[in-house]
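K.L.:
The sequence shown: position 14 = 754 (the working numbering), numbered continuously. Think of the CB as a built atom: it goes at the ideal place given N, C-alpha and C, for glycine as much as any other residue. If you're wondering where the values come from, they're calculated on a predicted model, not measured in any experiment.
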Amino acid sequence: MHSTAFIVFYSASPSFSEPVGLRRTLAAAGHEVLSEEPFTGIGRTGARWEVVGSVRQLRALVNPLDGQLARSEDPELRGTAIAVVPAELVHAKKLLLVMDVDSTLIKQEVIELLAAHAGKEAEVAAVTELAMRGELDFAQSLHARVATLAGLDATVINEVRARLELADGAAELIASFKNAGHHVAVVSGGFAQILDPLAADLGLDFARANDLVIVDGQLSGTVSGTVVDRAYKEEMLRSWAKELGVEIGHTVAAGDGANDLDMVEAAGLGVAFNAKPLLRDAADARIDLPRLDIIADLVGIS
């Protein structure tokens, strides 16, 4: 039996049907399209094609086309993307989705919200940008940014928590995975004091973040324990998958910055969500639209 994989494409344009040249490119290389399943969602329309061929073969054909779409300045192609998704992942009975939090699950960067209370938001935002681009070691940048919070009353944690906004489509994505019997977790370079209550409210299976040290009701400007950096995020992906009995090939990891690189590369499907260039180039799929539930489209979960 021939191996197959799924080619998934979508666009923000309601008149979009399929990427120009995709069908011709596949046919010229001898890859038969076995089935075509259209889908629509808020802000996008697209389709999943099951195609004869290996993931490696199909990505070699599709990735150059996706690169052209990413660089296109045609407004009709805004947000258009193509990805190749392993068939084993689409057909898996149990999946694990692991997401970053800041600028992925939520719209904000929590460290910047905290820093605003200390009058250091611009300073911290500049360091965050360098870290997410991979131009600065994450652990060093975290310690430097957290140091600016020293002396803040711990009540700012509650104030920041109340300001969090989920990414568009985040609640829908989590519900679709959970309703289908899959698992969802988050791992963050942010802070457990803010993340843990959010994860509980969302019914997530696991959550892991850094711990802010609080002394006499004030932030000390330090964190305790192992810093949640890119290596630690991959470690948690693998650990949670093992605990749940999920094969690593049946995992999905999504994030936006360099700190997510290792888990995105390790997962069965790595997704760059409105991401920095370093992560976009390494991921299996990119989402350049502000809808996190496109991840469900990629793996065929309605």
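Please look up how many angstroms separate the CB atoms of D951 and S964, rounded, as I've assumed it's under 8 Å.
P.N.:
As a working mapping, residue 951 is identified with position 211 in the sequence shown. As a working mapping, residue 964 is identified with position 224 in the sequence shown. Sure, about 5 Å apart at Cβ, within 8 Å.
K.L.:
I'd like to know whether the C-beta atoms of G1008 and G985 end up nearer to each other than 9 Å.
P.N.:
Position 268 of the sequence shown, counting from 1, holds the residue named residue 1008. Position 245 of the sequence shown, counting from 1, holds the residue named residue 985. No, the Cβ-Cβ distance between G1008 and G985 is not below 9 Å.
K.L.:
Can you tell which of V825, A949, E852 has its C-alpha closest to the C-alpha of G1010?
P.N.:
The residue you call residue 1010 lines up with position 270 of the sequence shown. Taking G1010 as reference, the option from V825, A949, E852 with the minimal CA-CA separation is V825.
K.L.:
Kindly give me the distance between the Cβ atoms of D1037 and M872, rounded to whole angstroms, as I take these residues to be in contact under 8 Å.
P.N.:
Residue numbering aside, residue 1037 sits at position 297 when the sequence shown is read from its first letter. Residue numbering aside, residue 872 sits at position 132 when the sequence shown is read from its first letter. Contact flag wrong, Cβ pair sits at about 25 Å.
K.L.:
How about the region 855 to 862 and the region 925 to 944: do they share at least three Cβ pairs that are nearer than 8 Å?
P.N.:
no
K.L.:
Is the region 791 to 803 in contact with the region 743 to 758, if contact means three or more CB pairs nearer than 8 Å?
P.N.:
yes
K.L.:
Can you tell me which of the three DSSP states T816 falls into?
P.N.:
Here residue 816 refers to the residue found at position 76 when the sequence shown is read from its first residue. Per the sequence shown, residue 816 should be read as Glu rather than Thr. Helix.
K.L.:
My parser needs the beta strand (DSSP E) runs of 3 or more residues fully inside the region 810 to 856; what are they?
P.N.:
821 to 826, 836 to 839
K.L.:
Can you tell me the Cα-Cα spacing of N919 and K834, whole angstroms?
P.N.:
Looking up residue 919 in the sequence shown gives position 179. Looking up residue 834 in the sequence shown gives position 94. CA-CA distance, N919 to K834, rounds to 12 Å.
K.L.:
Since A1025 sits in a beta bridge, which residues does DSSP pair it with?
P.N.:
Start at 1 with the first residue of the sequence shown, and residue 1025 comes out as number 285. Partner(s): V1011.
K.L.:
Check each candidate in V968, A752, Y750 and name the one with the smallest Cα separation from A998.
P.N.:
Within the sequence shown, the letter at position 258 stands for residue 998. Ranking V968, A752, Y750 by Cα distance to A998 puts V968 first.
K.L.:
Tell me whether P759 is buried or exposed, calling it buried when 16 or more other Cβ atoms sit within 10 Å of its Cβ.
P.N.:
Sequence index remark: in the sequence shown, residue 759 carries index 19 (1-based). When all chains shown are included, P759 counts as buried.
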